[in-house]
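Below is one structure, written out as structure tokens, with a few remarks after it.
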Amino acid sequence: MAPLPQFTSPVDVLVIGSGNAGFTAATQAAEAGVNRVVLIDKCPQEWAGGNSFFTAGAFRTVHNGTSDLLPIVNNVTPEMASLIDLEPYKPADFRTDMDRMTSGRTDPQLSEVLISESNSAVKWLAKQGIRFQLSFNRQAYRVNGRFKFWGGMSLKTDEGGKGLIQDHQNAALRHGVEVYYSTAAKRIITDPTTGSVSGVVVEVDGVDKLITTKAVILAAGGFEANPRMRSQFLGPGWDLARVRGTPYNTGEALEFAIRDVNAKQAGNWSGCHSTCWDANAPANSGDRVISNEFTKSGYPLGLMLNNRGERFVDEGVDMRNFTYAKFGRAIHGQPEGVAFQVWDQRAIPWLRDEEYRDAVVEKIWGETLEELAEKCAKRGLEDPAGFVETIKEYNVAVEAAERERPGSMTWDPAVKDGLSTQSSKVKLALPKSNWALPVSQGPFMAVKVCCGITFTFGGLAIDPKSTAVISQSGKEVKGLFAVGEMVGGLFYGNYPGGSGLTSGAVFGRRAGKAAAKMVGAKRLNDASSIPAVSSRL
């Protein structure tokens, strides 16, 4: 067999994947003094950023309140600061949310690293030029003139995922990271004597090349954009789910790591992050212009009914950022995999503009519930009469509960307000536990939604300290690390909103440091030695 054409010279640290986790790892390795850090991605340059590009840029982090976060955000004036109600989010709070969202299955060591290093990771990103903001538009409601943050999450990046990736690219450029797109990793090469990683075979323009390297950091995402693997691991019918993000996260890196170095699998391979998604969105990838705006997470303020006119989730069981990652699966399990979100005039003004503005979503209007049902029937609702009856039964239950507590409780979308459908005289079989107002003031509005899959939870087993990949024998694969969606064991069934990007930053930093230590990096002082960024090998 003829030798593979080589990359022009050896690489010290090779990062595979251009999302938040990959860029974090690459920048951290370069900052630690690695002479040559190269980042590759199989996608073309115009698709850079992986799934991170399609996020709202939310980061969940431990903090001590406004005084801890205001120094790293760019959208709070002194006048606004005096109107903010933002409770500290302590490590115990993050731990409670992680355990609660994963039913206690999260790996305790992995999640402890995530929690304990979340604050320092966010502040390190800010030093690298990542522009943070307080998330007024997604995580706060203005109640009685004050901005009330809720759900333990308050930070996002300027311009969401688009801004996050642009800032990461700029940071990598400043640190001399070489970036190559349209470069698909295919195989890990190991030393036959030591078992250590010695290179990666990549495909460029249909030709296989060998990149010789001392350390590889896998940050290539999960298998959410691979219909075959979705059906295989998530279950029948999942090949039909809509893809929220990049079409390039198709799982090859997971498969070749398992094949080439006998990597141990870990985590919830039948689980995924899936949310309420516009039923008119593209099927097989996100839209890089509209991006996260196809998300439809206003359901706690109204109702969600399937195409037979039945409710199927408790829309108010918890704050939105603790339910949105699992309600997509609930929608996917309904007939035809669709549902209708419904609101009246009390709730419509509270819907977020970026998700429900006219240019983004098809709004279905009706002066009466009967008219709304008729119009929804033209878009797939099979039982309009049942649809109307379900809403009217809900209204009866809400009104009965209100009569038992006249004036004692106030509707407040920023807290779990306890306004429910359950009273001593009327109880729905499926309650709405919070924010239950009658859907009775027309005109009424509905939006058709489906399941949008974001990322998969199954991945590789890693050492929590170094992020080194663990083999089936229980030993570290020397020179191989994994971060981001490729890490298995953190999330099971659900996750606390914003913890995915934080995980990528926390473990990306650890991987960058560990890889730098392994290759014997020394901090560089000569800025003139920084190579240029390229888009091809």
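The sequence shown begins at -12 in my numbering and counts up by one.
Built from N, CA and C at the ideal position, the CB exists for glycine as well.
These numbers were taken from a predicted model, which means no experiment stands behind them.
Can you give the Cα-Cα distance for R161 and Q115, rounded to whole angstroms? 9 Å
Below 8 Å on the Cβ atoms is my guess for G484 versus F309; work out the distance and round it to an integer in Å. 7 Å
Check each candidate in L447, A372, S407 and name the one with the smallest Cα separation from A384. Just measuring C-alpha positions, the residue of L447, A372, S407 sitting nearest A384 is S407.
Alpha carbon to alpha carbon, what distance is there between P78 and S103? 7 Å
Output the boundary residues of the alpha helix (DSSP H) element that contains M85. 78 to 88
Three-state class that DSSP yields for G209 in the structure shown: coil
First and last residue of the beta strand (DSSP E) that includes E463? Run containing E463: 463 to 469, per the beta strand (DSSP E) assignment.
Helix, strand or coil for M(-12) per DSSP? The predicted model places M(-12) with a pLDDT of 45, which falls under 50 and marks its position as unreliable, so this point remains unresolved.
Hey, G138 and E472: beta-carbon distance below 7 Å or not? no
Measure the CB-CB distance between I175 and V2 and report whether it falls below 7 Å. no
Just verifying my parser: in three-state terms, what is the DSSP assignment at T282? strand
How about the stretch 52 to 59 and the stretch 196 to 203: do they share at least three Cβ pairs that are nearer than 8 Å? no
Whole angstroms is fine: what's the gap from C30's alpha carbon to G232's? 13 Å
Distance, E280 Cα to A346 Cα: Using only the alpha carbons, I get a separation of about 10 Å.
Please report the distance separating the alpha-carbon of C438 from that of V188. 36 Å
Terminal residues of the alpha helix (DSSP H) in which L112 lies: 105 to 114
Give me the Cα-Cα distance between R298 and M291, rounded to the nearest whole angstrom. 6 Å
Could you check what DSSP says for Y381 in three-state terms: helix, strand or coil? helix
Using only the alpha-carbon positions, how far apart do V61 and F119 sit? Residue identity check: residue 61 is Asn in the sequence provided, not Val. Each residue's alpha carbon lies about 7 Å from the other.
Determine whether the beta carbon atoms of R307 and P287 lie at a separation below 7 Å. yes
Let me confirm a value: K462 is counted as buried when at least 16 other C-beta atoms fall within 10 Å, else exposed. Which label applies? exposed
Helix or strand or just coil, what does DSSP make of H319? DSSP places H319 in helix when its eight states are reduced to three.
Cβ atoms of A19 and V164: under 7 Å apart, would you say? no
As a quick exercise: from K412, L424, V375, pick the residue whose alpha carbon is nearest that of M396. M396 has its Cα closest to that of L424, out of K412, L424, V375.
Between the alpha carbons of A158 and I27, how many angstroms are there, rounded? 16 Å
In chain order, what are the residue ranges of uninterrupted alpha helix (DSSP H) at least 4 long that sit wholly in the stretch 368 to 451? 371 to 391
Kindly list the residues whose CB is nearer than 7 Å to the CB of T377, restricted to its own chain and excluding five residues on each side of it in sequence; keep chain order. L292, G296, E297, R298
With a cut-off of 8 Å on the beta carbons, I'd call T489 and S98 a contact; round off their distance for me. The Cβ separation is near 11 Å, so there is no contact.
Considering only their Cβ atoms, is the gap separating A334 from V436 smaller than 7 Å? no
Delimiting residues of the alpha helix (DSSP H) encompassing S490: Note, S490: alpha helix (DSSP H), 486 to 505.
Straight-line CA distance for P179 to G476? 30 Å
For a test of the three-state rule: what should DSSP assign to M306, helix, strand or coil? Coil, per DSSP.
Compute the beta-carbon to beta-carbon distance between V329 and A416, rounded to the nearest angstrom, for a pair I have assumed lies under 8 Å. That belief does not hold up - the Cβ atoms of V329 and A416 are roughly 19 Å apart, past 8 Å.
Residues in its own chain within less than 8 Å of F123 by CB, not counting five upstream and five downstream? N62, F134
Which whole runs of the beta strand (DSSP E) in the stretch 22 to 64 are 3 residues long or more, in chain order? Whole beta strand (DSSP E) segments, 3+ residues: 24 to 27.
Using the Cβ count rule (16 or more neighbours within 10 Å means buried), how would you classify N421? buried
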